[in-house]
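Q: Quick one: structure below, then a few questions.
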Amino acid sequence: MIEHLPALMVALPLFGAFIAPLFKKHYKGVSIWAIFITGISVVLSLLLTKEVVTNGIIMYVFGADKPTLVLPSGYVVPIRIMFEVDAMGAFMAISATLMSFVGAIYSYSHVKKDTGLEKYYALLMLLEAGILGMVLTGDLFNLFVFLEIAGIAGSALVGFRNYRGEASEAGIKYLMVSSVASLMVLFAVGIFYGQYGNLNLAYIAKNVSFNMVDMIALGLLFASFAMKCGAVPMHYWVPDAYTEVPAGINPPLLVATYASLYALFRVSFTLFANVVIDLARVGWIMSILGVLTMFIGVTMALIQKDVKRLMSYHAISQTGYMLLGVGVGLTVLHDPSKLAEFGRDAMAGGVFHIINHIIYKSLLLMTAGALFYVTGTRNLNEMGGLARKMPITTISFMIGAAAISGLPPFNGFASKFLIYETSYRLNPLLTVFAMVTSVLTLASFVKVFASAFLGPPLEKFENKREVPKPMIVAMLILAALCILFGLFPNVVLDKLVYPAVDALINFAQYHSWGGLA
Amino acid sequence: MNGSLFVNFPFIVVALLLALGFYTIGFKRNLIKVVIGVEILEGAVNMFIVALGYVKGGYAPIYTQAPQEAVGKMVLPTPQALTLTSIVIGVAVTALMLAFAVNIYRHYGTLDVTRVRRLRG
Amino acid sequence: MTTTIIKTTTRLLAPLILVFGSYIILHGHLTPGGGFQGGAVFASGLILLIVANVRDKVQELFEKTPLTQLESLGALGFLGIGLLGLMSYTFLKNAIANSGFLFGGTTPQGINPGYLNTGGTLSYLNIFVGTKVLAGLTSIILIFFLILRRERDEW
Amino acid sequence: MSFTLTTPSGFWNPLFWVIFLALFGLIAYLIYSRGNPSYKKESDQVRPYLSGNIEPAKEKVQVKAGDIYWGFIEALKGYYKILEAIHTGDIRDYILWYLGVGAIVTFILIGGV
Chain A
72 MIEHLPALMV
82 ALPLFGAFIA
92 PLFKKHYKGV
102 SIWAIFITGI
112 SVVLSLLLTK
122 EVVTNGIIMY
132 VFGADKPTLV
142 LPSGYVVPIR
152 IMFEVDAMGA
162 FMAISATLMS
172 FVGAIYSYSH
182 VKKDTGLEKY
192 YALLMLLEAG
202 ILGMVLTGDL
212 FNLFVFLEIA
222 GIAGSALVGF
232 RNYRGEASEA
242 GIKYLMVSSV
252 ASLMVLFAVG
262 IFYGQYGNLN
272 LAYIAKNVSF
282 NMVDMIALGL
292 LFASFAMKCG
302 AVPMHYWVPD
312 AYTEVPAGIN
322 PPLLVATYAS
332 LYALFRVSFT
342 LFANVVIDLA
352 RVGWIMSILG
362 VLTMFIGVTM
372 ALIQKDVKRL
382 MSYHAISQTG
392 YMLLGVGVGL
402 TVLHDPSKLA
412 EFGRDAMAGG
422 VFHIINHIIY
432 KSLLLMTAGA
442 LFYVTGTRNL
452 NEMGGLARKM
462 PITTISFMIG
472 AAAISGLPPF
482 NGFASKFLIY
492 ETSYRLNPLL
502 TVFAMVTSVL
512 TLASFVKVFA
522 SAFLGPPLEK
532 FENKREVPKP
542 MIVAMLILAA
552 LCILFGLFPN
562 VVLDKLVYPA
572 VDALINFAQY
582 HSWGGLA
Chain B
15 MNGSLFVNFP
25 FIVVALLLAL
35 GFYTIGFKRN
45 LIKVVIGVEI
55 LEGAVNMFIV
65 ALGYVKGGYA
75 PIYTQAPQEA
85 VGKMVLPTPQ
95 ALTLTSIVIG
105 VAVTALMLAF
115 AVNIYRHYGT
125 LDVTRVRRLR
135 G
Chain C
119 MTTTIIKTTT
129 RLLAPLILVF
139 GSYIILHGHL
149 TPGGGFQGGA
159 VFASGLILLI
169 VANVRDKVQE
179 LFEKTPLTQL
189 ESLGALGFLG
199 IGLLGLMSYT
209 FLKNAIANSG
219 FLFGGTTPQG
229 INPGYLNTGG
239 TLSYLNIFVG
249 TKVLAGLTSI
259 ILIFFLILRR
269 ERDEW
Chain D
1278 MSFTLTTPSG
1288 FWNPLFWVIF
1298 LALFGLIAYL
1308 IYSRGNPSYK
1318 KESDQVRPYL
1328 SGNIEPAKEK
1338 VQVKAGDIYW
1348 GFIEALKGYY
1358 KILEAIHTGD
1368 IRDYILWYLG
1378 VGAIVTFILI
1388 GGV
């Protein structure tokens, strides 16, 4: 059964999503069903990653006699849709399944009072299926389809609280942005199809000739995925969507954002890896976008008064670190000595930062959701003195804030450290911006901590209590992961991150379908 | 491709539709019109893909009651499949956007995009 | 908006549209069309019935119709047919073709008049997709219809 | 299994971190233990002294989130003015920015610069 894992990874959440509406009004049943399905998919993704890290790329050809039958006899081009899972895809799959699981646990009590929960959980699992499809697929058109699935499910969840007008506003903004980006991706896919007559990522990458039309396609793909992952100056949808979405959906929505980042890396590395001169140009664009993203994101975060909006701007700013780290690696991809010296570590920092950021930002957004759950407001000006009432939330928040600011021994430290050291080798100015951003990040979280948790206990929160147990469990899982990843970063780096980075660097392996053809 | 206007005519239309779509999204004030702009974009992209799939002298890839001379001249139906998928997705996107628009109208009392911006800053 | 003209036209056209929709779904593996197109045509027949009737009657009728269940059924059926291929093949492998099962007749090579009993899983997939699409599109229009009619009453 | 992470110009080991934590904790304790223990709970010492005035309600004296870093934001007023002007929240601007950035990126990629 192990060779069918890539198909099962997508089929399982879809199965869960289609069963969920049949639960009708049994809200408790459907919550447990969602936790069950997402829990199983975590196990599946761990199995998949183990398989990929030990045995290399897994191919899965849909509708063929054998899963590995890439080129049927007599064909020189692949004709079927196929999934191609390398270590980078498996890495993203772990993040997606883990965060959906945590989100489902958290949602158990966070959205208890809302109606229409069977649709909520169906959309949650559909979002998970969309992300998993995006990160596992080896086919450009399939990428577009799953991008749209994730976009539609995500925006429907953003607008889930339809009794709030703001939720619908955020929903239509997110949907508009994601559908325009997806359509431009489809346009680029059409350009590739017109030139090479195929949609397989590896096949196109082998034959791509880098004429002007290809570069236009790359520009479209780059801009679209950069918008979907929230790079400045196309980041405006991020705070809107993250603020209005129920906090239980924040973790999978974050992963959906970074699935677009994954697609950006996949396009820049795998699809255009053979281009020698222009790749450094792409790397520089990525690094500069990264620096802009982190700086503008963090300065906007400093002046926010809405706690979730503040954290969403930090999500933008942290995306900049990933773009910077991987951009530095991309710049020196065709220079073996520099790549070995710092390029590989820069990419490791960028990729490691993805999972670190997903963990601690989900934790922080969940604590913000807990604050909203207890106080009924997101405005920081109206909060205060909640540390005594909500001790576990406070501790989770402190861990998350320390991690996002890059304090040892929490997980943000290791990846930021790698990014500082390596970007310094490329250009010290990049590092200066990265460090200033880190300082400002700490400053703005001190502001949240001081105004929401510290201070004299307010009378209006006299009889408020700690949030229910499922929410606490979800937050504690992530807090524990923060500390574990921070104390033993080299274990995670060796087992997960360096295989993923090497999968990106050794693009020849991907181009030959894992050596099958 | 012999470069004549007639061969490239579908692509010129695609370019015009793309420009029109982005103009509609970017400069119309009514939210419904902005949604229509997205639909125009989608039509442009679909038309682009269908135009790519056109082969002069080719036949539709359907064997049911096909003429005898069609054998060996059938075109690959991939572009049509892509377009259909994208149309299906477009239906879902449009329905969801319009649903949001209805909800926005209920809560804001307007569809003017310059006033539908409580979330900013 | 229900005038005599609309009502009479609907009475004549709706059955034809529904039959045509089912035809497109069932012949999806032989002629242009298939699950989505047939489902859309079928749904447009149902939508015609919806808009030609008064709001209360439509609501009363469609509260009893299991549209959500039909939608789930279609999707689950699709997944199930896909998983059928996992028996010794891969996901979505056409495992029924040429097996002698329903829709599993021998597929002729080359030009043929079109035999309905062929296609294997394709026919099943078309039917399930058609079910899902007709239920989905109908419920989309139904919801908009009910919302807008209610708003009109409130105005 | 070693837990040392070697980076291009340094390393990280949780054991060293724990040792340093203990060391600095010890130093902090030494400084603390040399202090003067004159603080008493349950006395007037814990109450704020406002020149003899009565202490106002807690909600009034609390420092609001909007007032934290007031000086910093005031100093960067020009910068923030531009930023606020950019963040219009208008859905059309989102797409127009995308168009602009896409055009610039494509222009650079096809060799314009």
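Chains as they are written, first to last, in the working numbering: chain A, 72 to 588; chain B, 15 to 135; chain C, 119 to 273; chain D, 1278 to 1390.
Idealized CB from N, CA, C, for every residue including glycine.
1. Would DSSP call residue 242 (chain C) helix, strand or coil?
2. Which residue from A:330, A:194, A:217, A:401 puts its Cα closest to that of residue 298 (chain A)?
3. Can you check whether the C-beta of residue 15 (chain B) is within less than 7 angstroms of a C-beta belonging to chain C?
4. If you draw a straight line from the C-alpha of residue 1327 (chain D) to the C-alpha of residue 1333 (chain D), how long is it?
5. Residue 627 (chain A) by DSSP, collapsed to three states: which one?
6. When the Cβ atoms of the stretch 235 to 254 of chain A are set against those of the stretch 111 to 131 of chain B, are three or more pairs found closer than 8 angstroms?
7. Beta-carbon within less than 7 angstroms of residue 152 (chain A)'s beta-carbon, same chain only, minus the 5 sequence neighbours each way: which residues are those?
8. Quick check: is the beta carbon of residue 561 (chain A) nearer than 7 angstroms to any beta carbon in chain D?
9. Flag residue 425 (chain A) as yes if its beta-carbon sits less than 7 angstroms from any beta-carbon of chain D, otherwise no.
10. So, does the CB of residue 132 (chain B) fall closer than 7 angstroms to a CB anywhere in chain A?
11. Can you tell me which residues form a DSSP beta bridge with residue 1282 (chain D)?
12. Rounded to the nearest angstrom, what separates residue 396 (chain A) and residue 506 (chain A) at their Cα positions?
13. Whole angstroms are fine: how far does the CA of residue 514 (chain A) sit from the CA of residue 483 (chain A)?
14. In the DSSP assignment, find the unbroken alpha helix (DSSP H) run with residue 524 (chain A) in it and report its ends.
15. Counting C-beta neighbours from all protein chains within 10 Å, is the total for residue 173 (chain A) 16 or more, i.e. buried, or is it exposed?
16. Would you say residue 75 (chain A) reaches chain C, if we count a Cβ-Cβ gap shorter than 7 angstroms as a contact?
17. Less than 8 angstroms between the CB atoms is what I'm expecting for residue 489 (chain A) and residue 416 (chain A), so what's the real figure, rounded?
18. Is residue 295 (chain A) close to chain B? Criterion is C-beta to C-beta, closer than 7 angstroms.
19. Below 7 angstroms on C-beta distance, what does residue 115 (chain B) contact in chain C?
20. Given that residue 212 (chain A) touches chain B, what residues does it touch there, using C-beta distances under 8 angstroms?
21. Once the 5 residues before and after residue 127 (chain B) are set aside, which same chain residues still bring their CB inside 7 angstroms of it?
22. Per DSSP, what kind of secondary structure is residue 122 (chain B) in: helix, strand or coil?
23. Residue 88 (chain B) bridges to which residues according to DSSP?
24. As a quick exercise: from A:102, A:450, A:516, pick the residue whose alpha carbon is nearest that of residue 470 (chain A).
25. If you drop the 5 nearest sequence neighbours on each side, which residues of the same chain put their C-beta closer than 8 angstroms to that of residue 328 (chain A)?
26. Just mark residue 15 (chain B) as buried or exposed, buried being the case when its beta carbon has 16 or more other beta carbons within 10 Å.
27. Around the Cβ of residue 1313 (chain D), are there at least 16 other Cβ atoms within 10 angstroms (buried) or fewer (exposed)?
28. Go through the stretch 1313 to 1385 of chain D residue by residue and report every complete run of the alpha helix (DSSP H) that reaches 4 residues or more, in order.
29. Using a beta-carbon distance cut-off of less than 9 angstroms, what residues from the stretch 63 to 92 of chain B approach chain C?
30. When we look at the beta-carbon of residue 273 (chain C) and count the other beta-carbons within 10 Å, is it buried (16 or more) or exposed?
31. Any idea if residue 424 (chain A) is buried or exposed, counting beta-carbon neighbours within 10 angstroms, 16 or more meaning buried?
32. With DSSP collapsed to three states, give me the class of residue 225 (chain C).
33. Would you report the Cα separation of residue 346 (chain A) and residue 406 (chain A), rounded to the nearest angstrom?
34. Residue range of the alpha helix (DSSP H) that residue 196 (chain A) falls in?
35. Buried or exposed, going by whether 16 or more other CB atoms sit within 10 Å of the CB of residue 1305 (chain D)?
A: Reading it off the structure:
1. helix
2. A:330
3. The pLDDT assigned to residue 15 (chain B) is 49, lower than 50, so where the model puts this residue is not dependable, and the model offers no usable value.
4. 10 angstroms
5. This structure cannot settle anything about residue 627 (chain A), because the visible part of chain A is limited to 72 through 588.
6. yes
7. 133, 210, 213
8. yes
9. no
10. yes
11. D:1289
12. 13 angstroms
13. 16 angstroms
14. No alpha helix (DSSP H) contains residue 524 (chain A), which DSSP labels as neither H nor E.
15. buried
16. yes
17. 5 angstroms
18. no
19. None at all; the shortest Cβ gap to chain C is about 11 angstroms.
20. 96, 99
21. 43, 45, 48
22. For residue 122 (chain B), the three-state secondary structure derived from DSSP is helix.
23. B:73
24. A:516
25. Excluding sequence neighbours, residue 328 (chain A) sits near 299, 300, 301, 309, 386, 390.
26. Note that residue 15 (chain B) scores a pLDDT of 49, beneath 50, so its modelled location is shaky and nothing firm can be said.
27. exposed
28. 1335 to 1338, 1347 to 1352, 1354 to 1363
29. 74, 76, 77, 78, 79, 80, 81, 82, 84, 85
30. In this prediction, residue 273 (chain C) has a pLDDT of 44, which is less than 50 and means its spatial position is unreliable; nothing more can be read from the coordinates.
31. buried
32. Secondary structure at residue 225 (chain C): coil, using DSSP grouped into helix, strand and coil.
33. Rounded to whole angstroms, the gap between the alpha carbons of residue 346 (chain A) and residue 406 (chain A) is 13 angstroms.
34. 188 to 207
35. By the 10 Å Cβ count, residue 1305 (chain D) comes out exposed.
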